[in-house]
Amino acid sequence: MTEIIVVTSGKGGVGKTTSSASLAVGLARRGKKVAVIDFDVGLRNLDLIMGCERRVVYDFVNVIHGECTLRQALIKDKRFETLYVLAASQTRDKDALTKEGVERVLNELAEEGFDYVICDSPAGIEKGAALAMYFADRAVVVVNPEVSSVRDSDRILGLLSSKTRRAELGNGAIEQHLLLTRYNPGRVEAGDMMSIKDVQEILGIEVLGVIPESEGVLAASNAGVPVILDEQSFAGQAYDDAVARLLGEQRSMRFLDAQKKGLFARIFGS
Amino acid sequence: MGILDFFKSRPKNTASVAKERLRIIVAQERAQRGSPDYLPLLRRELLEVIKKYVNVDPDAVLINVEREGDQEVLELSVTLPDQVPAAARDEL
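Chains as they are written, first to last, in this note's numbering: chain A, 45 to 314; chain B, 62 to 153.
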């Protein structure tokens, strides 16, 4: 059975694409057959984060319009045999995505035997975001410990519980997880940033993972290598934990404490 | 933190301020979420009708949907001004 996971947030710039790429790679690294789809029509970016931007020939909208087959549009990852990317179109036509078209592509992916389809949602709550979540079985809501991001996430949680196919058919809300990104334990300890507990209390859903703010994230996007593959970085390790939890493994949260500075740094500042 | 930072005044705990503000706004937005989309328009039109007769404040009309068991109750509350304007009184 194919499981469809939407990665969404409401607010832009919180790490949806970074998270989609790393979750997809993490699942593929465990042998799952994974497709990751960029729903951000007009603003294609997932290809860059995945490092396959020069191999995009056909995109999601081409498939929907029947201008190519799904197989032609799926870009096979160079690192993992079972990982495929479907790029967003760069058209400015807002109505390029249709519910029927998206459903047809998802059904075809299921027929092709994919285990997971990751839908990388655009920011906002308009059509692209609505379609990215509509067919989902599960949702990963990416949130920064910051007021506007938390508020937007709550709005998205409201939509997830009513505006999905599952909810419309009366089968209840889809499974929802929080993924806290750009977490800075030092600032949390100083009282300048909300903690994982604070965010969880406000939003009231279970936390799938906490990704610490890390230099590795920018370095990874510069290189087009999803940060989960940087096993030295805390962010990469935290994403791997999140993937394990997504698959039902129990793992305790790491990287929640600030790194202690040495005496020298304490006296002279850093 | 260096020695110089030690003498600077500590800012207050901004995370707890953020949490408190969010707790309030999120609760308020969740309460509105289940209510029908037509409520704001209904409220505006009601206000226009009431204004034909009584010069009420735009904030005077409160409208709310509450759920009691499987019943929905549309609650409407209009605060009238202390004095009814002369023009409106003539028409009544």
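Idealized CB from N, CA, C, for every residue including glycine.
Keep in mind the model is a prediction, meaning the values are calculated, not measured.
Three-state secondary structure (DSSP) of residue i
i, result
"Ser314 (chain A)", "Low confidence applies to Ser314 (chain A): its pLDDT is 47, below 50, so where it sits in the model is not reliable, and the reading given next is rough at best. The answer is coil: DSSP assigns Ser314 (chain A) none of H, G, I, E or B."
"Arg128 (chain B)", "strand"
"Tyr99 (chain B)", "coil"
"Tyr227 (chain A)", "strand"
"Val78 (chain B)", "helix"
"Val100 (chain A)", "coil"
"Gln315 (chain A)", "Look at the range of chain A in this structure, 45 to 314, and you will see that residue 315 (chain A) is not part of it."
"Thr52 (chain A)", "strand"
"Ser63 (chain A)", "helix"
"Val92 (chain A)", "According to the sequence as given, residue 92 (chain A) is Leu; it is not Val. Three-state DSSP puts Leu92 (chain A) in a helix."
"Glu111 (chain A)", "coil"
"Leu83 (chain B)", "helix"
"Leu108 (chain B)", "helix"
"Leu175 (chain A)", "helix"
"Leu247 (chain A)", "helix"
"Leu222 (chain A)", "strand"
"Asp143 (chain B)", "coil"
"Gly70 (chain A)", "helix"
"Asn215 (chain A)", "coil"
Enclosing alpha helix (DSSP H) for residue i [first to last residue]
i, result
"Leu203 (chain A)", "Val191 to Leu204"
"Glu147 (chain A)", "Lys143 to Glu155"
"Val184 (chain A)", "Looking at the DSSP string, Val184 (chain A) is not in any alpha helix (DSSP H); the run it does join, the beta strand (DSSP E), is Arg182 to Val187."
"Gln303 (chain A)", "First-last for Gln303 (chain A): undefined, no H or E at that position."
"Gln276 (chain A)", "No alpha helix (DSSP H) holds Gln276 (chain A); DSSP gives it neither H nor E."
"Leu87 (chain A)", "No alpha helix (DSSP H) holds Leu87 (chain A); DSSP gives it neither H nor E."
"Ile169 (chain A)", "Per DSSP, Ile169 (chain A) belongs to no alpha helix (DSSP H) and is neither H nor E."
"Gly57 (chain A)", "No alpha helix (DSSP H) contains Gly57 (chain A), which DSSP labels as neither H nor E."
"Val115 (chain B)", "Here Val115 (chain B) belongs to no alpha helix (DSSP H), and DSSP marks it neither H nor E."
"Gly260 (chain A)", "Glu259 to Ala267"
"Lys76 (chain A)", "It is not in any alpha helix (DSSP H) - Lys76 (chain A) carries neither H nor E in the DSSP assignment."
"Ala234 (chain A)", "Element bounds for Ala234 (chain A): n/a, residue is neither H nor E."
"Ala140 (chain A)", "It is not in any alpha helix (DSSP H) - Ala140 (chain A) carries neither H nor E in the DSSP assignment."
"Ala211 (chain A)", "Arg209 to Glu212"
N-terminal and C-terminal residue of the beta strand (DSSP E) that residue i is part of
i, result
"Asp164 (chain A)", "Tyr160 to Asp164"
"Leu252 (chain A)", "Val251 to Pro256"
Residues that residue i bridges to, as DSSP identifies them
i, result
"Lys120 (chain A)", "A:Tyr128"
"Thr46 (chain A)", "Answer is none; Thr46 (chain A) lacks a bridge partner."
"Ile81 (chain A)", "A:Leu130 and A:Cys163"
"Leu123 (chain B)", "B:Ser138"
"Glu133 (chain B)", "B:Arg128"
Top-ranked residue by Cα proximity to residue i, from the options
i, options, result
"Val251 (chain A)", "A:Asp159, A:Asn188, A:Val161 and A:Leu150", "A:Asn188"
"Ala176 (chain A)", "A:Thr208, A:Val191 and A:Glu190", "A:Thr208"
"Ala121 (chain B)", "B:Pro142, B:Gln93, B:Arg91 and B:Ser96", "B:Pro142"
"Gln281 (chain A)", "A:Ser296, A:Val129 and A:Ala267", "A:Ser296"
"Leu87 (chain A)", "A:Val105, A:Pro256 and A:Arg289", "A:Val105"
"Val80 (chain A)", "A:Asp137, A:Gln134, A:Lys138 and A:Ala180", "A:Ala180"
"Arg199 (chain A)", "B:Lys80, B:Thr75 and B:Ile86", "B:Ile86"
"Arg231 (chain A)", "A:Val146, A:Glu257 and A:Ala174", "A:Glu257"
"Ile49 (chain A)", "A:Lys55, A:Val287 and A:Cys96", "A:Val287"
"Ala263 (chain A)", "A:Gly56, A:Ile93, A:Arg123 and A:Arg98", "A:Ile93"
"Arg73 (chain A)", "A:Thr52, A:Ser53, A:Phe124 and A:Ala117", "A:Phe124"
"Ser193 (chain A)", "A:Glu233, A:Leu150 and A:Ile246", "A:Ile246"
"Glu47 (chain A)", "A:Asp236, A:Leu150 and A:Asp284", "A:Leu150"
"Leu102 (chain B)", "B:Val78, B:Ile124 and B:Thr75", "B:Ile124"
"Lys143 (chain A)", "A:Tyr283, A:Glu155 and A:Tyr178", "A:Tyr178"
"Val186 (chain A)", "A:Ala154, A:Ser206, A:Gln220 and A:Asn215", "A:Gln220"
Assumed close pair residue i, residue j - CB separation to whole angstroms, cut-off 8 Å
i, j, result
"Ala68 (chain A)", "Val78 (chain A)", "5 Å"
"Pro166 (chain A)", "Asp301 (chain A)", "Actually they are not in contact, since the Cβ atoms of Pro166 (chain A) and Asp301 (chain A) sit about 34 Å apart, beyond 8 Å."
"Asp164 (chain A)", "Leu273 (chain A)", "With 8 Å as the limit, Asp164 (chain A) and Leu273 (chain A) do not qualify as a contact, their Cβ atoms being about 18 Å apart."
"Val184 (chain A)", "Tyr227 (chain A)", "With 8 Å as the limit, Val184 (chain A) and Tyr227 (chain A) do not qualify as a contact, their Cβ atoms being about 15 Å apart."
"Ser133 (chain A)", "Asp103 (chain A)", "4 Å"
"Leu83 (chain B)", "Val58 (chain A)", "Wrong, their Cβ atoms sit about 15 Å apart, outside the cutoff."
"Leu141 (chain A)", "Ile119 (chain A)", "That pair is no contact at about 19 Å."
"Leu114 (chain A)", "Glu152 (chain A)", "5 Å"
"Val134 (chain B)", "Glu127 (chain B)", "5 Å"
"Ile240 (chain A)", "Arg182 (chain A)", "Ile240 (chain A) to Arg182 (chain A), Cβ: 20 Å. No contact."
"Ile169 (chain A)", "Gly54 (chain A)", "6 Å"
"Gly172 (chain A)", "Ala76 (chain B)", "Rounded, the Cβ-Cβ distance is 33 Å, inconsistent with contact."
Residue i beta carbon near the ligand NAP (any heavy atom closer than 7 Å)
i, result
"Thr208 (chain A)", "In the structure shown, the ligand NAP is absent, as is every other ligand, since no ligand is present at all."
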